[in-house]
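Protein chains in written order, with our numbering: chain A, 134 to 590; chain B, 134 to 590. All residues carry an ideal CB built from backbone N, CA and C; glycine is no exception.
Protein chains: 2
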Amino acid sequence: MTQNVLGQIYDYVDQYFDEHLAATQRYLRQPSISSQNLGIEECAEMTAGILRELGSEATLVPLEGGHPVVYGHLSSRSSDRTLLVYGMYDVQPVEPLDAWESPPFQAQIVGDRIIGRGAYNTKGPLMAFLNGIRSIQAVAGDVPVNMVFVIEGEEELGSKNLPQFIENYADELQVCEGMYFHMPTEFIRGSPLVLLGCKGVAYFELEVKTLPTDAHSMTAPVVRNPVWRLISALGSMRGAGDRILIDGFYEDVQPPSEEDEKLLPELVDTFGPGGLEAMYGIKDLGSDLTGVDFVRQLIFGPSLNIDGFAAGHTGSGIKTIVPASAMCKVDIRLVPDMTVQQVMGGVRAHLDHLGYEDIEIRLLAGYNPAKTSMKESVVQAAVRSIQRMGIEPKVVPMIPSSGPQVMFSDPPLNVPLVISGLGHGWLMHAPNEYIEVEGLRSCEKSAVAFLYEFGAV
Amino acid sequence: MTQNVLGQIYDYVDQYFDEHLAATQRYLRQPSISSQNLGIEECAEMTAGILRELGSEATLVPLEGGHPVVYGHLSSRSSDRTLLVYGMYDVQPVEPLDAWESPPFQAQIVGDRIIGRGAYNTKGPLMAFLNGIRSIQAVAGDVPVNMVFVIEGEEELGSKNLPQFIENYADELQVCEGMYFHMPTEFIRGSPLVLLGCKGVAYFELEVKTLPTDAHSMTAPVVRNPVWRLISALGSMRGAGDRILIDGFYEDVQPPSEEDEKLLPELVDTFGPGGLEAMYGIKDLGSDLTGVDFVRQLIFGPSLNIDGFAAGHTGSGIKTIVPASAMCKVDIRLVPDMTVQQVMGGVRAHLDHLGYEDIEIRLLAGYNPAKTSMKESVVQAAVRSIQRMGIEPKVVPMIPSSGPQVMFSDPPLNVPLVISGLGHGWLMHAPNEYIEVEGLRSCEKSAVAFLYEFGAV
C-alpha cells in the first residue's frame, strides 16, 4: 500500500513541480547572510510562515546574542514516532559578486541548474523537504511521522548559540527517535550516500607576542622573533610521517570497525583520490596513498591542520622588521572517541611542557565527532528509502568534515543522526553555487520516501 | 689657519642660519616619494638646481626603469683630493596622514623641531651639507676638496638601479679617495658617532605551493599542507641557541678584531639594551644578553630573521581550509666576509639537500657587508673633524643595519666609506619624522669641519 501511495505522491510531485520550483526560487531570493545579518529576520519569518502553511506550529525562538531558531511541530494522526528535522535558513556571504554568472539572490535557472546562494547549502534542499511534506499532505491527507523542526540561522557562524537552544528545549527534543538532515548527496550523479556521522573539529588560534611593537630587523640578533617561536612550537607537534606528537593525542582514537572496513571499498569512487580531485578541481593532491588506504585515512585519520598563518609584513616588496606578534589558525579533526575538551587540554599541556606558556590559545569552535550505528532505525530508514527508489546507496560511516548535527547526538539528547537525500549540487561557499533542477525534483521525492520509511518502522 | 677659517665659517653659518633653515624647509616642501613616483622629477631638478647654484656641474642621469641620479662635480682650486658625496633625494610614503601633528610636506617648526617627511632621512641633512658648502664658499671663496655628488632617487626602493649607474660611471667614481654619507648621528644628544660600515643583507621570499587551489580542511589527512612544509623547512635552518644550521653559514664570519673589541664598551649607551629600548620605545626586548655581550651580538652577529609570514585564512573567524600555498619573507644580516651570493647559495643547497626543491626562493634585495678600517683617511678625517668641534665621537665598527653605501666600497670601486654628522633627529619612515632645529645647525657645521679635514689630509 505504501508503495502505491508513494507512487501517487511522486506523480503529484511531477505534476506540481513547476509550482514547487517557483516556491524554492522565492525562498532563495530572500537573502539570509548570517555573518552580515542581512535578511536574517525576514528569512526566519518566511521559514516559519512556510511551516505554518503546512499546518505546523512554528515560533521564532530568540537566542541570546544570536539569530533565532525557527522551531516547529507537525503532528501525524497515524504515527507515534517522532523525527527531529534539522535545517538551516542562513547562508554564506556572496563576495566576490562579479564572479557570479547569475546574481546570487535571483535564483535564476541557467541551463540545467538553479544558480544562487543557498541553492545547494541548504535552503534549496530544505524547501525540497517541505515541498515533499506538501505533496504528502495533498495526496495522503496526513504525514507519516511526527516532526520537530529545528531550523537555525547560525550554521555558517559555527552554530555558536545552538547549545543554548538545545539546553532549553532538551525535554521536547529528546523524545525524537532520530535526527535527519536532508542534503543532496550525489557528489557523483547516480551514486547517493547515506552519511552516518561527522568528524569532530576543534578550531583555534595560537598567538605569540614577544615585542610591544614591530622592531627594525637589525635588532634580530638580540631580540626574540615571535614567528620563530610559533614555528618552533608548531614544529614540536608534528614528527616524521605526519605523526602528531601531542601527548595522548591518539589515546582515544578508535580504529575502523569490521563493519566500517566493509564499507570502505565502495567509497573509493567518491572519497578516493579521483573523487576528491573531481570535487575540488584539484589535479594533484600530492598524497602517497591510493584506493582504500586513502579513503581510510581520509575518513578515520585525525588531523592537525594549519588553516592560516599571519605575521609581520606580507605585502609586496621589502619591510625589514622583527614582527611584534605571530598568529596561526589551526583545526584538529577528531574521530571517535576523541573529544574537543581532551584534545584542547592536550595542546595546552604540550605547549606548557615545552616552555611555551606565553602562547595564547583561543578556541573558536568545537564539535565532538559523531558516528551512528548502521543498526539505528533512522539509518535503516534512510538506506531502505533510497533502495525503494531503485538505487543502492553507499553508506559512509562518517564524513571527513564536521557539522552542528552532532550536537543532537551528543549528550544530553543522544538522538542518532543521519544525513541523506538525492540530487546533485555543488560550489557551496563559492560563487555560482547551484543545485540541478532535476536534482531538486529527486531531492523532494527522496524526502517523501524517507518520511514514509521512518514512520513505518 | 684652518681653525681660523673654520671659526669664521661657523660665524657665517650662525649669521645666515635663518636663510639656510628657510632653504631647507623649501626643499622639504617638495614631495619626493619614490615608491609612488610623487614629485620625484621635480625634486631631482630642484636638487640639481641647488648644486648648480654652488657652481657645481649637475646632470640628471636617467636609469633604465628607475628614477634619475643627480650627478654633479664641484672642483676645488686648492686640493687634488676627491670626495664621493653620497646622498638621496627620495623619501618614504607618509601614510597614515592623520597621525602627523603637522602635515608631512609643510616642514613646519613645532617647538624645537622641524617636522616633515625627509627632515631627518635624509633631505634635511643633505641640505645642511650643501648649505655648509655655501658657507665655505662665502667665507673662503673655494671648497677644500673636489667633490663628486651621487644623489639618488631610489634609496627607499632598495637602490635597485644604482648598480647600473655605478657600472656606467665607474671610471669617474673610482678616483675618489673616500665616500661620505652625512647623517645626524646623535641618537643620544651630545654623543655623535662615526660609522665605519654596515652589515649586509639578503632579503628574500620563500614560497611553497602544494595545491592548485585552497582545499576544504577535511582533506587534511590526505593532502600536503604547504604551511607545514614551509614551517618544517624553516625549522631545519635553526637549532638550539638560535644557531643557524645552513651549511657553511658561519664559514666566512670574521669575529670582531682587537680594534673592534676596544670600541664596544663605549657603545653600550647607544647600542646596549637601554639604547635600543629608547630608540624603539620598546620596554622589554626579551634578550638574555647585557652590556658589551649584547652590543657584540647586535653588531657582529649574523641573523636569520622572518619579516613576515602569510598563508591561508588570516581574517577573523573560521575558514577551514588547507591553503594552496604559503609564503614568508626572510632577511639574513651579513657580517664580513659573508657575501649575498655565498649565503643564498647556502640556503638553496640546504633546501635541496633536505628535499625541498619545490620551495621557491625570490631574492628581493642584497647588499654585501662593508667595514672600513680605522686607518682610512676618510675615517680619520671624520673622527678628527668632530674632535675639533670639542666632542669625542664614538666609533662604531659597523652599524647593524644595511644600506646602499656599501655599493661604493664593494668592487669595482673599492672606495672606503664613512657615515657621520652632528645633530639629532628620529622617526624615519614613521609619522612626525623630525630633525631638531639646533641639530640642523650643528649638522651644517660638522659638514664644514669634515670637508676641511678630508681636504687637508
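Within the segment 450 to 536 of chain B, the runs of alpha helix (DSSP H) that reach at least 4 residues and sit entirely inside it are, in chain order, 473 to 486 and 510 to 521. At a beta-carbon threshold of 7 Å, none of the residues of chain B lie near W559/A; the nearest stands roughly 12 Å away. Restricting attention to V511/B, V272/B and G445/B, the CA atom closest to the CA of H315/B is found in V511/B. By the Cβ-count criterion, V227/A is buried, with 16 or more other Cβ atoms from all chains shown falling within 10 Å of its own Cβ. Taking a C-beta distance under 8 Å as the contact criterion, D393/A and P530/A qualify as a contact pair. At least 8 Å separates the beta-carbon of Y143/B from that of I568/B. Apart from the 5 residues on each side of it in sequence, L409/A sits with its Cβ closer than 8 Å to the Cβ of I415, L418 and L431 in its chain, given in chain order.
Looking at the DSSP output, K342/B shares a beta bridge with S458/B. For L216/A, the uninterrupted beta strand (DSSP E) run begins and ends at T215 to M221, by DSSP. Note that the C-beta distance between K395/A and P533/A is not below 8 Å. Closest in C-alpha terms to L207/A, from the list T192/A, P354/A and N501/A, comes T192/A.
Using a CB distance cut-off of 8 Å, H483/A does not count as an interface residue toward chain B.
Distance between V539/A and V327/A, taken at the CA atoms: about 15 Å. Selection P564/B, L584/B, M561/B and L555/B evaluated against R322/B yields L555/B as nearest (Cα-Cα). The contact set of I379/A on chain B, defined by CB atoms closer than 7 Å, is empty, because the minimum CB distance reaches about 14 Å. Think of a sphere of 7 Å around the beta carbon of I454/B: the chain A residues whose beta carbon falls inside it are D440, in chain order.
Here S542/A is buried. Its C-beta has 16 or more other C-beta atoms within 10 Å.
Counting only runs that start and end inside the segment 165 to 246 of chain B, the alpha helix (DSSP H) elements of at least 4 residues fall at 173 to 186. When Cβ-Cβ separations below 8 Å define contact, Q163/B makes no contact with chain A.
In this structure H557/B is not in contact with E289/B, their Cβ atoms being roughly 22 Å apart against a cut-off of 8 Å. Leaving aside the five residues that flank K578/B on each side, the residues in its chain whose CB is nearer than 6 Å to its CB run, in chain order, Y143 and V146. Taking a C-beta distance under 8 Å as the contact criterion, V194/A and F298/A qualify as a contact pair.
The count of Cβ pairs closer than 8 Å, one atom from the segment 345 to 364 of chain A and one from the segment 436 to 455 of chain A, reaches three, so the stretches are in contact. Boundaries of the alpha helix (DSSP H) around N301/B: L295 to N301. Residue contact check for H446/A against chain B: a CB pair falls below 8 Å. Membership of I284/A in any alpha helix (DSSP H) is not indicated; the residue belongs instead to the beta strand (DSSP E) covering N279 to E285.
Residue pairing by DSSP places S436/A opposite R466/A in a beta bridge.
Exposed is the label assigned to V243/A, since fewer than 16 other Cβ atoms lie within 10 Å of its Cβ. When the alpha-carbon of P456/B is set against those of M471/B, V463/B, I552/B and E340/B, the nearest one is in E340/B. The secondary-structure analysis by DSSP pairs Y313/B across a beta bridge with V218/B and V551/B. With a cut-off of 8 Å on Cβ pairs, the segment 451 to 466 of chain B is not in contact with the segment 518 to 527 of chain B, counting fewer than three such pairs.
Each residue's CA atom was taken as its position, placing T346/B and I364/B some 20 Å apart. With a cutoff of 8 Å on beta-carbon distance, L546/A and A303/A are scored as near each other.
When DSSP states are grouped into helix, strand and coil, R574/A belongs to the helix group. Annotation: the continuous beta strand (DSSP E) that includes V327/B extends over L326 to L328. Per the C-alpha coordinates, the member of G478/B, P296/B and A348/B positioned closest to D380/B is G478/B.
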